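Participant: Once you've had a glance at the structure underneath, I'll fire off some questions.
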Amino acid sequence: MPVYDYKCRCGVTKHDEFVTHWESEVKCDECGELMERQFPLGFVIDMLPKDGLFLKHVCPEGKTFHSKSELKRYAREHDLELGALL
3 MPVYDYKCRC
13 GVTKHDEFVT
23 HWESEVKCDE
33 CGELMERQFP
43 LGFVIDMLPK
53 DGLFLKHVCP
63 EGKTFHSKSE
73 LKRYAREHDL
83 ELGALL
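Using the numbering used here, you'd call the opening residue of the sequence shown number 3 and step up by one each time.
Shown next, in the form of C-alpha cells:
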C-alpha cells in the first residue's frame, strides 16, 4: 500500500498517509478541501546511474529518468513537487 505526504492550500500537512490506490483522494481535516500529494524523496541526485534512475512514485507505472533536467521537466509538466530530490 503506497504511503505519501500531503499538503493543503490552507497550510495543513499530513505525513505518511496510507492510500489504497494511486487515484485516492485525501481531504484536509481542517478545511475539507482535497490535499495535494507531495513526493518527499530523501536524497539528492548528484549523478544518475548509467541506466537511469527509476522512480516508482511519480506515476502509477513508474518512470526512468536519465538526467536531472529530464526529471525537472517532467515534474514541471505534471505539476509535481519533488522536494529534496532536486
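The beta carbon of each residue, even a glycine, is placed where N, CA and C say it ideally should be. These numbers were taken from a predicted model, which means no experiment stands behind them.
1) Give me the residue from 71, 9, 81 with the minimum Cα distance to residue 33.
2) In the DSSP assignment, find the unbroken beta strand (DSSP E) run with residue 65 in it and report its ends.
3) From the DSSP secondary-structure annotation, give me the bridge partner or partners of residue 39.
4) With residue 83 and residue 40 assumed to form a contact (beta carbons below 8 Å), what rounded beta-carbon distance in angstroms separates them?
Facilitator: To lay it out plainly:
1) 9
2) 65-67
3) 8
4) Distance from residue 83 to residue 40 at the Cβ level is roughly 6 Å; contact confirmed, criterion being Cβ atoms closer than 8 Å.
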